[in-house]
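Quick note, my numbering runs 1176 ahead of the 1-based positions in the sequence shown.
Here's the structure, in structure tokens; my notes come after.
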Amino acid sequence: MGKDPISNILYIDLNRKRFWVEDRSDIFEEYLGGVGAATKILEEELPRNADPLGPENVIVLAVGPGTGMYPMSSKTVAVFKSPLTGNWGESHVGGRSAIAIRMSGCGAIVIKGASKIPVYLSIINGKVYFKDASALWGMRSTVTVGRVIREAEPGAGIRTIMRIGIAGERLVRYASVVTETYRHFGRLGLGAVFGSKKLKAILIMGKRTIPVINKRKYREVYDEIYNLVVKSGKTKKYYELGTPVNVLPLNKIKALPTRNLRQSWFEEAEKLSGEYIAETRLGRRVACSHCPVACIHLATIRERYPTEKYFYKTIFVSYDYEPIYSLGSMLGISDTDGVLRLMDAVDVVGLDAMSTGVILAWATEALQKGIIGLNDTIVKLSFGDWKNYIEAVNLIVEQPNEFYKALAMGVDYASRTYGGEDFALSFGGNEMPGYHTGPGAHLTHLTGARHSHLDSAGYSLDQKLLGKELPPPEELMDSLMKEEAWRQILTSFTICLFGRGVYTPETVSKALEPLGFELSPEDLKNLGWKIYAKKFKIKIREGFNVSKLRIPRRIFETPSPHGKLSEEYIERALKYFEKRLMEITSSF
Ligand code: SF4
């Protein structure tokens, strides 16, 4: 295989303000890149039982061989120990991040240690400049941080700027990292890990080239994939309405979690639908680099300056299905502008939208039930009241009392402290994604490495099974595990998962060939299992135990499109998962 700078790993030590590059072709040849490479690197670098907010935690950012080469290969993978779950942390982001990392001359960046003073990193063509970020520390808004760095640094149009807001600084366990304003490393608290390292931002840019082993073949495969992406209709729904296209269909089948999942349909879902927001508020679409789909939809809201009668500013808010669920239906908000303003408030301070919505929904129900009082919540939380939810978002960041300190730790922690665990929608310590479609979704949330709907997409399987008898739990579990193993390849090649319909095992195998990899579809599937096994070995090493998984009772109380879920079915599936996991982790 030709020498590709993707095999370089850039190591950065924040303790000593040093950096160095190592050629790790061994890792990139064995694990492709992305998740595969990052998992191997984390295994090497993360000490057992490391404190997620201690200097011993490690952040790995990785891209893959598809980055910059094929359409929709636009994602950067971050792997770290999560301060939210105390276990496997993984989050993916688009924007310009992936191409900027690859063009800077490496395939992965490893950030170790912690700085004593606030810093931001400027990584230009593989060189790292440690910049004093004291003036940025304390800055609430992720938008303002981005704006200041944009003025001070080079690389307009080709750089990525990853940064945290005040939530990351205050170590809210589900703080996000924002990149290019509209994309996020949302899940599992990477923002708090940045905050614990006094790392306010990272700017990356470069102008390297990517070698292609077989240019003619590359052109041929590229055209084939490009045509599939833009002409086959497989990505059309993401372009037209974006992920909010899911609101109405999920509501129709009664799978849209509403008011803390006390019901699974929202009577005013229409006002939160992709169709309605596009018709009334869509300002523009944007795309991650190298993606012709452009699924990112930005709504506009107008805000009048408080002291001037005819002066307005226009705010762009990136909206997706997940924040619409978590900050809309889950909180019973039907006011479209209200939901968008709440999304904006969450984004500005740098919080994960899904976790924030689920936590506020739990707090609202806990207040209604008298488990907590107004002296705890300070503002009256009630479903539908978006203005008070905005105040609560700010209180989560400020943490003025014990209750908000607990909320800043996540719903699992808060409910263990105050009670109300039955309706705290946490799975493996992570707050629930927006799918109450059936057993497949909740098994994905329980058994996926990230406890994310994207791990094995049980929500999709549930919908395919509608109107049919459910398969035995073991069979369903097998399908989910197989899907998760395959997704390790997509995220190692670093394909956006919205492109999964295009990037079949045959297509990925073909796409890798001109880049110097000879891997058949079967080889790729085996490699997927190998990465899956390695990930779970780390997860088990750090304390993951299937038999200790807590299942919120609420999911059994509220009917799904498959009716009320059977506890026995879920338990049987989990037992089988535990057994299979043992087999898989011991065979690699
Ligand atoms: S489909 Fe959307 S999220 Fe995925 S790479 Fe394209 S623009 Fe980014």
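For every residue, glycine included, the Cβ atom is placed at its ideal position computed from N, Cα and C.
Just so you know, the alpha carbons of glycine 1450 and tyrosine 1246 end up roughly 28 angstroms apart. Annotated three-state conformation of aspartate 1189 is strand, per DSSP. For arginine 1339, there is no enclosing alpha helix (DSSP H); the residue is found in the beta strand (DSSP E) stretching over 1336-1339. For the ligand SF4, the residues with a Cβ under 7 angstroms from any of its heavy atoms are, in chain order, Met1248, Ser1250, Lys1251, Gly1270, Thr1411, Tyr1414, Ala1463, Cys1464, Cys1467, Val1469, Ala1470, Cys1471, Ile1472, Cys1672, Phe1674 and Gly1675.
The beta carbon of alanine 1343 is closer than 7 angstroms to those of Ala1351, Gly1367, Val1525, Gly1526, Leu1527 and Val1573 in its chain, skipping five residues each way along the sequence. Asparagine 1263 sits buried, since 16 or more C-beta atoms from the chains shown fall within 10 Å of its C-beta. A direct Cα-to-Cα measurement between tyrosine 1589 and leucine 1364 gives close to 14 angstroms. Distance from the CA atom of tyrosine 1187 to the CA atom of glutamine 1664, rounded to whole angstroms, is 24 angstroms. Contact holds between the stretch 1271-1281 and the stretch 1347-1361, because three or more Cβ pairs, one in each stretch, are under 8 angstroms apart. Residue Glu1221 holds the alpha-carbon nearest to the alpha-carbon of isoleucine 1285 among Gly1230, Lys1292 and Glu1221. Here isoleucine 1378 has Leu1297 and Met1338 as same chain residues with Cβ atoms under 6 angstroms from its own Cβ, once five neighbours each way along the sequence are excluded. Per the C-alpha coordinates, the member of Leu1503, His1629, Phe1693 and Ala1709 positioned closest to asparagine 1436 is Leu1503. Distance between tryptophan 1562 and asparagine 1422, taken at the CA atoms: about 22 angstroms.
As the crow flies, the alpha-carbon of aspartate 1399 is around 11 angstroms from that of alanine 1687.
According to the DSSP secondary-structure assignment, lysine 1307 is paired through a beta bridge with Tyr1296. Excluding its 5 nearest sequence neighbours in each direction, tyrosine 1402 has C-beta neighbours in its own chain below 6 angstroms: Pro1247, listed in chain order. Threonine 1553 sits in a helix when the DSSP states are folded into three classes.
Beta-bridge annotation (DSSP): tyrosine 1495 is paired with His1473.
DSSP places histidine 1360 in the uninterrupted beta strand (DSSP E) bounded by 1359-1361. Taken in chain order, the complete alpha helix (DSSP H) segments of 4 residues or longer contained in the stretch 1390-1426 are 1391-1407 and 1412-1416. Close CB contacts of isoleucine 1477 within its chain, under the 8 angstroms cut and outside five residues either way in sequence, are with Arg1457, Thr1490, Ile1491, Val1493, Asp1513, Leu1516, Arg1517 and Asp1520 (chain order). With respect to the 8 angstroms criterion, isoleucine 1389 and proline 1690 are classified as neighbours on the basis of their beta carbons. Between leucine 1571 and threonine 1623 the beta-carbon gap is near 34 angstroms, outside 8 angstroms, which marks them as no contact. Comparing alpha carbon positions, the residue from Gly1371, Ser1465 and Glu1650 closest to lysine 1755 is Glu1650. As computed with DSSP, aspartate 1199 is found in a beta bridge with Asn1184. Here arginine 1349 is near glycine 1586, since their CB atoms are less than 8 angstroms apart. Beta-bridge analysis with DSSP links tryptophan 1264 to Lys1257.
It is roughly 12 angstroms from the alpha-carbon of serine 1591 to the alpha-carbon of tyrosine 1580.
Shown here, asparagine 1564 sits in a helix according to DSSP, grouped into three states. Remark: C-beta atoms of alanine 1238 and glycine 1210 approach each other more closely than 8 angstroms. The C-alpha of arginine 1717 is placed about 13 angstroms away from the C-alpha of serine 1762. About 5 angstroms separates the beta carbon of threonine 1670 from that of lysine 1251, a gap short enough to meet the 8 angstroms contact definition.
For lysine 1288, no alpha helix (DSSP H) run applies; the uninterrupted beta strand (DSSP E) run containing it begins and ends at 1284-1288, by DSSP. Taken in chain order, the whole alpha helix (DSSP H) runs of length 4 or more contained in the stretch 1581-1605 are 1587-1594.
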